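Q: Protein chains in written order, with our numbering: chain A, 277 to 575; chain B, 277 to 575; chain C, 277 to 575; chain D, 277 to 575.
Just so you know, even glycine gets a beta-carbon here, dropped at the ideal spot from N, CA and C.
Source: prediction; values computed, not measured.
Got a structure for you, questions after.
Number of protein chains: 4
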Amino acid sequence: MSEPAIVLGANQYGKAEVRVVKVTRDRARHEIDDLNVTSQLRGDFAAAHVEGDNAHIVPTDTQKNTIFAFARDGVGSPEAFLLRLADHFVSSFEWVTGGRWAADRYAWQRMEVGGAEHDHAFVRSGQEVRTAVVVADRGERHVLAGLTGLTVLRTTGSGFEAYPRDRYTTLAETRDRILATDVTARWRYARADVDYDAAYASVRSLLLEAFAEPYSPGLQSTLYGMGRRVLEEHAEIAEIRFSMPNKHHFAVDLSPFGLDNPNEVFHAADRPYGLIEAAVVREGVVSPPAAWDGIAGFC
Amino acid sequence: MSEPAIVLGANQYGKAEVRVVKVTRDRARHEIDDLNVTSQLRGDFAAAHVEGDNAHIVPTDTQKNTIFAFARDGVGSPEAFLLRLADHFVSSFEWVTGGRWAADRYAWQRMEVGGAEHDHAFVRSGQEVRTAVVVADRGERHVLAGLTGLTVLRTTGSGFEAYPRDRYTTLAETRDRILATDVTARWRYARADVDYDAAYASVRSLLLEAFAEPYSPGLQSTLYGMGRRVLEEHAEIAEIRFSMPNKHHFAVDLSPFGLDNPNEVFHAADRPYGLIEAAVVREGVVSPPAAWDGIAGFC
Amino acid sequence: MSEPAIVLGANQYGKAEVRVVKVTRDRARHEIDDLNVTSQLRGDFAAAHVEGDNAHIVPTDTQKNTIFAFARDGVGSPEAFLLRLADHFVSSFEWVTGGRWAADRYAWQRMEVGGAEHDHAFVRSGQEVRTAVVVADRGERHVLAGLTGLTVLRTTGSGFEAYPRDRYTTLAETRDRILATDVTARWRYARADVDYDAAYASVRSLLLEAFAEPYSPGLQSTLYGMGRRVLEEHAEIAEIRFSMPNKHHFAVDLSPFGLDNPNEVFHAADRPYGLIEAAVVREGVVSPPAAWDGIAGFC
Amino acid sequence: MSEPAIVLGANQYGKAEVRVVKVTRDRARHEIDDLNVTSQLRGDFAAAHVEGDNAHIVPTDTQKNTIFAFARDGVGSPEAFLLRLADHFVSSFEWVTGGRWAADRYAWQRMEVGGAEHDHAFVRSGQEVRTAVVVADRGERHVLAGLTGLTVLRTTGSGFEAYPRDRYTTLAETRDRILATDVTARWRYARADVDYDAAYASVRSLLLEAFAEPYSPGLQSTLYGMGRRVLEEHAEIAEIRFSMPNKHHFAVDLSPFGLDNPNEVFHAADRPYGLIEAAVVREGVVSPPAAWDGIAGFC
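The following block contains the structure:
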């Protein structure tokens with residue numbers, strides 16, 4: 277019996293990390309959109325792989341040019357911008373059946389000069405990066421919004437107790453510790469008529485509020501509360517997934533120096549760290565695998 | 277009609293990036309294993325998320341301790357070490373149905389001192405990092421080996437021609453350019469009785485050889501040739517996936533300075549870069565989605 | 277004639293990057309100090325280097341312990357904290373004649389929850405990192421304050437013209453471009469009775485204002501204006517030094533696509549970048565070299 | 277009495293991180309030079325800073341172009357390439373009195389294909405980066421060679437004992453530990469007729485050998501031995517400076533799990549780390565401050 281043939285499997289290609297900055301300057305008060313955009317196409321590219329025939333390979337350079345050209349008309353929300361790119365590529369090349377478009381968006385604040393907001397001077401603000409992904413795949417279309425690098429910390433109101441023990445357990449229980457994490461979250465919209473910027477701002481606020489309260493018996497509980505809060509308030513969101521490190525802050529033992537340490541002095545450790553990943557979903561709603569393929573840090 | 281309830285979806289948690297170094301020193305010639313290990317458990321953790329009940333939450337600290345304790349008996353190949361961890365956690369806690377264990381392995385070379393290899397002095401070698409992932413999920417068990425950061429370059433024997441053009445295309449065709457990439461590859465073993473270290477060394481060599489030759493009409497073609505070569509030589513490998521940037525080296529236009537540039541002086545660009553991702557598989561063999569969930573950069 | 281002997285030159289050693297977090301929690305409204313502290317001692321350490329005699333080597337581990345122990349009493353401004361460390365080490369060990377103490381300080385904002393500032397939940401804020409260095413050297417004592425990573429951008433009001441040309445010049449003149457940089461600045465205090473926190477806040481504001489206005493004929497001019505403004509307003513500051521990349525934003529040529537680009541669509545380039553470094557000083561005031569040794573990016 | 281005027285202090289400017297790759301292809305066996313070059317000019321640039329007059333500002337873009345143009349004739353050693361740039365800029369513009377030119381050089385190895393070295397396929401090799409700096413300043417000219425990121429480790433033959441103790445000392449003495457560091461070293465050549473490539477290769481070897489042996493009573497002693505060895509063998513080197521982290525590998529306490537740990541299982545910690553910096557020099561030879569200004573990590 278012969279071996280099965282070796283063939284091409286799933287594939288996509290494109291241009292990654294196109295750093296496009298769009299200035300809107302048709303009025304005195306300028307606006308700035310600062311994006312890092314990746315475009316990848318899916319479709320019938322077997323000949324390029326197997327035979328070296330590039331007749332279907334829309335150059336990655338062309339994809340880059342298209343991103344810059346489309347920015348000329350304005351960017352808007354990153355989700356809307358990616359949807360325009362998706363529509364263009366899928367409708368322009370019959371062998372392109374879909375793709376994956378992603379953007380990071382960096383926020384800028386107006387400088388305050390002499391007590392007033394400046395018209396055209398900005399300072400990079402915040403720490404988190406807003407993320408967006410559009411996946412199109414043979415008629416399906418998915419929009420994932422998100423954020424990464426939102427670093428938050430509670431100085432109290434957090435503990436970890438009543439966990440199982442085995443021969444490798446040495447951890448002490450606590451009802452008072454620092455809880456700190458870098459939130460990475462992605463949520464999938466269930467429908468198309470969304471005000472993406474307003475939804476983003478609202479979700480960000482809800483995540484912060486649900487991190488702050490109530491008492492946290494563990495990062496899993498806090499994560500779930502954050503997700504639940506978002507789904508409760510946003511009917512247009514079908515599901516939300518998190519990848520959150522538990523950034524350990526260890527209370528330093530100062531007793532060798534004749535000092536107490538009532539949870540005031542901590543060592544902020546780098547590695548290892550806890551890593552908590554979970555989805556919060558609506559019961560019975562099936563999550564499309566295509567939307568989440570290739571996204572790190574989620575199971 | 278009532279809204280669907282909000283519930284917990286897929287989840288996993290554990291300790292990430294445990295930097296364990298094991299020295300084997302029962303003979304004069306020491307050996308060193310240098311790993312970065314992540315352990316994440318899957319199973320019934322709903323109560324912790326929804327009710328704050330940690331009775332099922334094997335602490336991430338315990339997972340870390342277990343990694344160090346298991347290293348005491350020796351590490352061996354990263355794949356074998358992760359399999360030991362998987363067996364332990366799945367068999368020790370009835371509510372743990374599986375998990376994901378991953379390791380990066382850093383290579384060290386013996387120093388040469390006075391013309392001879394030194395017994396216990398080492399220098400970090402190579403550029404790539406060897407990677408391993410074990411996914412266990414309700415009886416299934418998958419082993420992915422891989423490497424990342426293997427930076428390779430050809431100074432000639434590469435071109436890109438005969439691609440489709442549209443109104444956004446400005447790229448010029450070429451039959452002679454630099455081809456450079458950082459190879460990230462992951463391959464899945466079809467069976468369990470593998471000599472992981474030997475297979476790794478062989479796959480690495482095959483990837484290099486298939487990158488070097490023959491003429492490359494595009495990075496897709498080279499990628500496919502690399503994957504095909506590996507599958508041809510390794511019946512124990514079911515599939516291999518790649519994520520490879522096209523690291524552009526642009527020939528600099530020196531004509532304003534009265535100089536020619538016959539592909540000798542290049543600007544090595546950072547961003548944007550091409551990004552080529554594909555799987556090379558055996559026909560008819562179904563790839564288990566669980567093996568690849570949450571791995572970035574592959575579709 | 278014999279060769280000159282080989283001897284030990286200048287040296288210092290210590291513990292780097294101690295990540296200490298201090299929570300002040302003696303009232304409901306907690307405060308947080310988040311520092312990355314480095315301590316290095318200078319003095320008579322020749323025997324350790326030349327003879328392997330550690331009798332003078334205060335362990336780097338002890339230096340770390342001291343940082344945590346001193347944090348127990350409160351941190352205050354990073355400059356004041358480093359001065360306490362300097363006093364301690366110089367006075368505690370007769371062979372320690374001085375040293376270098378440095379800190380990065382990360383800022384946290386209170387979360388807003390339900391319209392009010394939260395007592396103990398915080399989000400990492402801003403982008404820049406506040407820096408402080410104390411150098412003590414045989415009786416001299418220098419305090420450098422600073423910041424790094426303050427990313428600012430003007431969408432207009434900047435140009436570059438009337439520069440010299442040679443055979444390698446291809447740059448076009450412009451009176452309208454994006455001006456963007458990551459400000460790294462360090463300033464030296466001329467006296468000891470400084471309110472370091474207030475001075476820092478004021479300098480940061482002045483730097484932003486002087487970046488925003490007036491029209492910039494080049495980054496050198498803007499840098500000088502920023503420094504001048506700080507020295508004008510702060511008699512307690514003896515000098516200020518800057519290292520500022522010119523983060524190029526290139527207007528994309530959209531004409532191949534039938535589009536104009538009146539400075540609206542830009543490519544934000546990574547490398548290479550301009551790099552402008554200069555000191556703004558008070559005439560006749562000699563800068564102590566010891567204060568600035570080993571600080572990167574300043575001439 | 278009037279305040280001293282505010283004036284411009286020391287300054288330099290230029291283009292940083294020009295990523296130039298030069299392929300030598302006049303024979304079948306290609307060669308590759310891969311550099312990251314920074315050029316900064318010093319001289320009379322006061323008018324640009326104070327008055328916004330750019331008549332002396334050789335554009336950073338021109339400096340970049342010059343780097344690419346000069347690479348057309350071949351690169352050679354990074355030191356020689358930087359010296360050519362220095363000569364050019366100082367001789368071409370009368371107001372340019374000097375500057376600082378720096379390069380990182382990345383090493384590539386030929387691939388082995390079918391048992392033979394390939395003519396034009398390469399893999400990035402080694403871990404360390406070779407560094408070079410040329411400082412020219414009103415007639416003075418200094419050449420600093422160096423390397424960074426050379427990660428080395430000894431599994432035994434290292435200890436730390438007989439250090440002073442105070443109330444903050446908790447460290448235990450040891451005669452057997454892992455010693456690991458990332459070597460950053462820079463050395464200054466005393467004369468101009470140096471074979472820079474040969475000297476580099478020799479110094480790198482000597483550094484490794486002197487790290488490997490003899491028994492290390494502390495990183496200071498090992499550092500000094502490394503420097504001494506280099507100066508003994510290289511009369512053309514006037515001095516050498518090091519910045520070396522003590523990368524702590526802590527033996528993990530396995531006793532809670534009923535296991536011993538005879539220095540076999542270690543946790544490789546990230547932060548904090550020891551930081552040892554020192555110069556090894558020839559007695560009576562005065563080090564020119566201009567050569568070392570603005571180089572991080574050395575006192």
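Closer than 7 Å by beta-carbon distance: list the chain D residues that pair up with TYR500 of chain C, in chain order.
A: Mapped onto the third sequence, residue 500 of chain C falls at position 224. Simply LEU284, HIS325, VAL326.
Q: Report the option in C:ALA356, C:PRO280, C:VAL351, C:ASP329 whose CA atom is closest to the CA atom of LYS298 of chain C.
A: Residue 298 of chain C sits at position 22 when you count from the first residue of the third sequence. For LYS298 of chain C, the nearest C-alpha among the options comes from C:VAL351.
Q: Could you have a look at GLN288 of chain D and say whether DSSP puts it in helix, strand or coil?
A: The sequence position of residue 288 of chain D within the fourth sequence is 12, counting from 1. Here GLN288 of chain D sits in strand by DSSP.
Q: Answer with buried or exposed for TYR289 of chain A, where buried requires no fewer than 16 other C-beta atoms within 10 angstroms of its C-beta.
A: By one-based count along the first sequence, residue 289 of chain A stands at place 13. Buried, because 16 or more other Cβ atoms sit within 10 Å of the Cβ of TYR289 of chain A.
Q: Helix, strand or coil for ASN539 of chain C? Go by DSSP, reduced to three states.
A: Against the third sequence, residue 539 of chain C aligns to sequence position 263. In the structure shown, ASN539 of chain C sits in coil (DSSP, three-state: anything other than H, G, I, E or B).
Q: With 7 Å as the C-beta to C-beta threshold (strictly closer), list the residues of the segment 509-532 of chain A near chain C in chain order.
A: Within the segment 509-532 of chain A, the residues whose Cβ lies closer than 7 Å to some Cβ of chain C are HIS525, VAL528, LEU530, listed in chain order.
Q: Identify the contact partners of LEU444 of chain B in chain C, using a Cβ-Cβ distance below 9 Å as the criterion.
A: Taking the first residue of the second sequence as position 1, residue 444 of chain B is located at position 168. What sits at residue 444 of chain B in the sequence shown is Tyr, not Leu. Simply PRO532, PHE533.
Q: Would you say ASP546 of chain A reaches chain D, if we count a Cβ-Cβ gap shorter than 8 Å as a contact?
A: Counting from 1 along the first sequence, the entry for residue 546 of chain A is found at position 270. Taking Cβ atoms only, chain D reaches closer than 8 Å to ASP546 of chain A, which makes this a yes.
Q: Look up LYS298 of chain D in the DSSP assignment and say whether it is helix, strand or coil.
A: The sequence position of residue 298 of chain D within the fourth sequence is 22, counting from 1. Looking at LYS298 of chain D - three-state DSSP - the assignment turns out to be strand.
Q: By the three-class DSSP mapping on this structure, what secondary structure does HIS525 of chain C have?
A: For the purposes of this step, residue 525 of chain C is taken as the residue at position 249 of the third sequence. Strand.
Q: CA-CA distance, ARG547 of chain C and ALA378 of chain D?
A: Here residue 547 of chain C refers to the residue found at position 271 of the third sequence. Here residue 378 of chain D refers to the residue found at position 102 of the fourth sequence. Straight-line Cα distance between these residues: approximately 15 Å.
Q: Whole-angstrom Cβ separation of VAL409 of chain B and ARG381 of chain B, contact assumed at under 8 Å?
A: The residue labelled residue 409 of chain B in the question sits at position 133 within the second sequence. The residue labelled residue 381 of chain B in the question sits at position 105 within the second sequence. No, VAL409 of chain B and ARG381 of chain B are not in contact; Cβ-Cβ is about 12 Å, not under 8 Å.
Q: Measuring only between beta-carbons, confirm whether LEU429 of chain A sits less than 8 Å from chain C.
A: Reading the first sequence from its first residue, position 153 is the one you call residue 429 of chain A. Taking Cβ atoms only, chain C reaches closer than 8 Å to LEU429 of chain A, which makes this a yes.
Q: Determine, using beta carbons only, whether THR432 of chain B comes closer than 8 Å to chain D.
A: Counted from its first residue, the second sequence places residue 432 of chain B at position 156. For THR432 of chain B, the answer is yes, since a Cβ of chain D falls inside 8 Å of its Cβ.
Q: Along the chain, where does the beta strand (DSSP E) that runs through TRP384 of chain B open and close?
A: Start at 1 with the first residue of the second sequence, and residue 384 of chain B comes out as number 108. 384-389 is the span of the beta strand (DSSP E), which, as asked, contains TRP384 of chain B.
Q: Within 8 Å, do at least three Cβ pairs link the segment 446-458 of chain A to the segment 329-336 of chain A?
A: At 8 Å Cβ cutoff, the stretches do not touch.
Q: Grouping DSSP H, G and I as helix and E and B as strand, with all else coil, what is GLU279 of chain B?
A: Against the second sequence, residue 279 of chain B aligns to sequence position 3. The answer is coil: DSSP assigns GLU279 of chain B none of H, G, I, E or B.
Q: Which same chain residues end up closer than 7 Å to ASP320 of chain B when comparing Cβ atoms and leaving out the 5 residues on each side of it in sequence?
A: Against the second sequence, residue 320 of chain B aligns to sequence position 44. Once the five neighbours on either side are set aside, the close Cβ partners of ASP320 of chain B are HIS332, TRP371.
Q: Taking just the CA atoms, how far does VAL411 of chain D sit from ILE343 of chain D?
A: As a first step, residue 343 of chain D must be located in the fourth sequence, where it is residue number 67. As a first step, residue 411 of chain D must be located in the fourth sequence, where it is residue number 135. Taking the straight line joining both Cα atoms gives about 16 Å.
Q: Quick check on the DSSP output: the alpha helix (DSSP H) that includes ALA362 of chain B runs from which residue to which?
A: Your numbering for residue 362 of chain B matches position 86 in the second sequence. Where ALA362 of chain B is concerned, the enclosing alpha helix (DSSP H) stretches over 354-368.
Q: For a contact defined as C-beta to C-beta under 8 Å, what are the partners of PRO565 of chain C on chain D?
A: Locating residue 565 of chain C in the third sequence gives position 289, counting from the first residue. Within chain D, the residues near PRO565 of chain C are PRO565.
Q: How far does the alpha helix (DSSP H) with GLY503 of chain A in it extend, from its first residue to its last?
A: Counting from 1 along the first sequence, the entry for residue 503 of chain A is found at position 227. 495-509 is the extent of the alpha helix (DSSP H) around GLY503 of chain A.
Q: Looking at C-alpha atoms only, which residue of C:LYS523, C:PHE533, C:LYS291, C:ARG417 is the closest neighbour of LYS291 of chain D?
A: Taking the fourth sequence and counting its residues from 1, one reaches residue 291 of chain D at position 15. The candidate whose alpha carbon is nearest that of LYS291 of chain D is C:LYS523.
Q: How is the beta strand (DSSP E) around VAL421 of chain B delimited, first residue to last?
A: Numbered from 1 along the second sequence, position 145 holds the residue referred to as residue 421 of chain B. For clarity, residue 421 of chain B is Ala in the given sequence; the question names Val instead. Note, ALA421 of chain B: beta strand (DSSP E), 416-430.
Q: Tell me which residue opens and which closes the beta strand (DSSP E) that ALA475 of chain A is part of.
A: Numbered from 1 along the first sequence, position 199 holds the residue referred to as residue 475 of chain A. ALA475 of chain A -> not in any beta strand (DSSP E); alpha helix (DSSP H) instead, spanning 472-488.
Q: With contact counted as at least three CB pairs below 8 Å, one residue from each stretch, are the segment 455-472 of chain A and the segment 505-521 of chain A in contact?
A: Touching, yes, given that three or more Cβ pairs across the two stretches are closer than 8 Å.
Q: Leaving out five residues before and five after LEU359 of chain A in sequence, what residues of the same chain have Cβ atoms less than 6 Å from its Cβ?
A: By one-based count along the first sequence, residue 359 of chain A stands at place 83. Counting only Cβ-Cβ distances below 6 Å, and skipping sequence neighbours, we find VAL410.
Q: Could you tell me if GLY391 of chain B is buried or exposed, where buried requires 16 or more neighbouring beta carbons within 10 angstroms of its beta carbon?
A: As a first step, residue 391 of chain B must be located in the second sequence, where it is residue number 115. Exposed: under 16 other Cβ atoms inside 10 Å.
Q: Could you tell me whether the Cβ of LEU361 of chain C comes closer than 8 Å to any Cβ of chain D?
A: Numbered from its first residue, the third sequence carries residue 361 of chain C at position 85. Not closer than 8 Å to any Cβ of chain D, the Cβ of LEU361 of chain C fails to qualify, so no.
Q: Below 6 Å CB to CB, which residues in the same chain sit around MET387 of chain B once its five sequence neighbours on both sides are set aside?
A: As a first step, residue 387 of chain B must be located in the second sequence, where it is residue number 111. Same-chain partners within the cutoff: HIS394, ALA397, VAL399.
Q: Rounded to whole angstroms, how far is the Cβ of ARG348 of chain C from the Cβ of LEU429 of chain A, which I believe are closer than 8 Å?
A: Locating residue 348 of chain C in the third sequence gives position 72, where the first residue counts as 1. Locating residue 429 of chain A in the first sequence gives position 153, where the first residue counts as 1. Wrong, their Cβ atoms sit about 20 Å apart, outside the cutoff.
Q: Determine, for ASN341 of chain C, whether the minimum Cβ-Cβ distance to residues of chain A falls below 8 Å.
A: Counting from 1 along the third sequence, the entry for residue 341 of chain C is found at position 65. Closer than 8 Å: yes.
Q: Can GLY374 of chain C and ASP413 of chain C be called in contact, C-beta distance under 8 Å?
A: Counting from one through the third sequence, the residue named residue 374 of chain C turns up at place 98. Counting from one through the third sequence, the residue named residue 413 of chain C turns up at place 137. Their beta carbons are under 8 Å apart, which means GLY374 of chain C touches ASP413 of chain C by this criterion.
Q: Can you grab the Cα-Cα spacing for the pair GLU416 of chain B / ILE454 of chain B, in whole Å?
A: One-based indexing of the second sequence puts residue 416 of chain B at position 140. One-based indexing of the second sequence puts residue 454 of chain B at position 178. Their Cα atoms are separated by approximately 43 Å.
Q: Indicate whether the contact test is met: 3 or more Cβ pairs, each with one atom in the segment 536-545 of chain C and one in the segment 485-497 of chain C, closer than 8 Å.
A: Result no; under three Cβ-Cβ pairs closer than 8 Å.
Q: Taking the C-alpha atoms as reference points, what is the distance between THR432 of chain B and ARG301 of chain D?
A: Counting from one through the second sequence, the residue named residue 432 of chain B turns up at place 156. Counting from one through the fourth sequence, the residue named residue 301 of chain D turns up at place 25. Near 9 Å, if we compare the C-alpha coordinates of ARG301 of chain D and THR432 of chain B.
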